[in-house]
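All residue numbers for the sequence shown refer to my numbering, where the first residue is 1 and numbers rise by one.
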Amino acid sequence: MRRLLVTGGAGFIGSNFVHYLVEQTDVHVTVLDKMTYAASREALAGLPPERVELVVGDICDAALVDELVGGLSGEGDALVHYAAESHNDNSLNDPSPFVQTNIVGTFTLLEAVRRHGVRMHHVSTDEVYGDLELDDPERFTEATAYAPSSPYSASKAGADHLVRAWVRSFGVAATLSNCSNNYGPWQHVEKFIPRQITNLLSGGRVKLYGSGQNVRDWIHADDHSSAVWTILEKGRIGQTYLIGADGEKSNLEVVRLILEAMGHAPDDFDHVNDRPGHDLRYAIDSTKLRTELGWRPAYGSFEEGLERTIEWYRTHQDWWAPKKAAVEAAYAAQGQ
Ligand code: NAD
Ligand code: TDX
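Given below as C-alpha cells:
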C-alpha cells in the first residue's frame with residue numbers, strides 16, 4: 001500500500017487532509033504531530049486504525065524524522081508537510097517557536113528526504129508575498145516576489161526558500177503550494193471565523209480588527225486538500241502552485257455574513273485594536289493549478305461553505321468550548 005507521512009496532521013488543515021485521504025484514496029497515512037495547543041486528537045478520532053497512525057513527535061527531532069522518512073521507500077510514497085506554528089497574532093507576541101518549527105523543522109525534514117530520496121510536498125501560504133493594495137488589478141501569482149510582513153509569514157518564506165534551494169542544489173523531489181485563507185471544521189478558535197462564530201454561540205460579541213477593510217481570499221479546507229492531492233498526483237517536481245478559490249471578501253463583509261446567518265443585527269460587533277503590521281489584502285490567481293493540473297474547487301460559494309461551518313461549530317461545542325476562555329483572555333489582554 002502507498003504510504004504518506006503527513007506532518008501537522010492533527011491540526012486544522014492537516015486533519016482535514018487526512019480525512020480527505022481516507023475518504024478519497026487508498027493510501028496509508030502516518031501523522032507526525034507534536035500535539036501543540038493547536039492540535040486535536042478528536043479531529044482524527046474514528047478514522048480506521050489500519051489506515052491512519054498517529055506518531056506524537058517534533059519535526060525538529062532529526063532521529064525520529066530520519067526513521068519515519070526512511071520508512072517511505074515505496075513507489076508513490078511521500079512526505080506532505082503541514083506542521084507549523086500558524087497564527088500571526090501569536091508570532092507577534094513570541095516569534096521563537098515560529099523560527100524553530102517553521103524554519104528549523106522544515107530544514108530537518110529536507111535533510112531526511114535528501115538522505116532517503118523521498119518525494120516531498122511543502123504546504124505554504126500566500127502571506128509570503130506580503131500584501132496588495134485594495135484596488136491592485138494584479139493578484140498573487142507564482143512569479144510574485146516574496147515580501148513577508150510578520151514573523152509568521154517571514155518564517156514560512158524562509159521555509160519555502162529552503163525547499164527551493166534543496167530542489168535546485170541537491171535534486172530533492174519536492175513541490176510547493178501557497179494557499180489562501182482556509183476555513184472549515186476543526187479550525188482553532190483563535191482564528192478569525194471560528195472566533196466570531198463561537199463568540200456568538202457563547203453569548204459574546206464579534207471582534208473586528210481596525211476598520212475591517214482588510215481583504216482575505218477564502219477557500220474551504222476540503223478544496224485545499226483536493227488541490228494538494230492533485231499536486232501530489234500530477235504536479236511537476238520543483239514547481240510552486242498557488243491555491244485559491246476566488247473567495248475575496250473584506251473582514252467587514254465576513255462579519256456581516258456571520259451575523260446575518262446567526263440571526264444578529266448587521267452592526268452587532270465591536271471594533272477592537274488593529275493588529276500591528278496588518279496585511280491589507282491577499283488575493284490568489286490560481287490559473288496555473290487550474291490549467292496545468294485541471295484542479296477546480298468543489299464549493300460553489302463562500303456563503304455555502306460558511307453556513308456549513310457555522311453549523312459544524314454549533315454541533316461541536318464540546319470540542320471548542322474548553323479552549324475558548326484561555327484564547328479570549330489572551331486577546332483581552334491585548335485589547336482585542
Ligand atoms: P494549525 O496551527 O491548526 O496546525 C498546525 C499543526 O502542526 C498542529 O497540529 C501542531 O501540533 C503541529 N505542529 C506544530 N509544531 C510542530 C512541530 N514542531 N512538530 C510537529 N508538529 C507540529 O495550522 P493550520 O491552519 O492547519 O495550517 C497548516 C499548514 O497550512 C501550515 O503550514 C500553514 O502555514 C499552512 N497554511 C495555513 C492556512 C490557513 O488559512 N490556516 C493557509 C495557507 C497555508
Ligand atoms: O478576532 C479577529 N478579528 C479580526 O478582524 C481575528 C482573530 C482576526 N481578524 C482579522 C485579521 C485578518 O485580517 O481577520 C483576518 C484573518 O485573521 P486570521 O484568522 O488570524 O488569519 P490571517 O492572519 O489572515 O492568516 C491566516 O491565513 C493565512 C492563517 O492564520 C495563516 O496560517 C495562513 O497562512
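Cβ coordinates follow ideal geometry from the N, Cα and C atoms, glycine included.
This one's a predicted model, so the numbers in the text were calculated from it and none came from an experiment.
Following a CB-centred definition, is Asn251 positioned closer than 7 Å to any heavy atom of the ligand TDX? yes
At which residues does the beta strand (DSSP E) containing Ile243 begin and terminate? 240-243
What does the alpha-carbon distance come out to for the pair Thr315 and Gly171? 47 Å
Would you say the beta carbon of Asp58 is closer than 7 Å to some non-hydrogen atom of the ligand NAD? yes
Count the other CB atoms, across all protein chains shown, that sit within 10 Å of the CB of Pro151; report buried if there are 16 or more and exposed otherwise. buried
Do you know offhand how far Pro137's Cα is from Tyr129's? 15 Å
Pick out the complete alpha helix (DSSP H) segments inside the stretch 193-245, 4 residues or longer, and give them in chain order. List check, alpha helix (DSSP H) in window: 221-234.
Do the stretch 206-219 and the stretch 239-251 make contact, defined as three or more Cβ pairs closer than 8 Å? yes
Cβ of Gln337 within 7 Å of any heavy atom in the ligand TDX? One cannot answer for residue 337 here, as it falls past the ends of the chain, which runs 1 to 336.
Thinking Leu289 and Tyr241 are a contact (beta carbons under 8 Å), I'd like their distance in whole angstroms, please. About 5 Å separates the two Cβ atoms, so the contact holds.
In the DSSP assignment, what residue or residues form a beta bridge with Arg119? Ala78
Candidates His278, Cys179, His161, Asn102: which alpha carbon is nearest Ala221's? Cys179
Is the Cβ-Cβ distance between Val113 and Val69 less than 8 Å? yes
What whole-angstrom Cβ distance do Ile310 and Ile197 have, given they're in contact under 8 Å? Confirmed, Cβ separation roughly 5 Å.
Comparing C-alpha positions only, which one of Ala321, Gly8, Ala43 sits nearest to Leu200? Ala321
By alpha-carbon positions, which one of Phe98, Ala227, Tyr82, Trp312 ends up nearest to Asn88? Phe98
Tell me where the beta strand (DSSP E) around Leu32 begins and ends. 28-33
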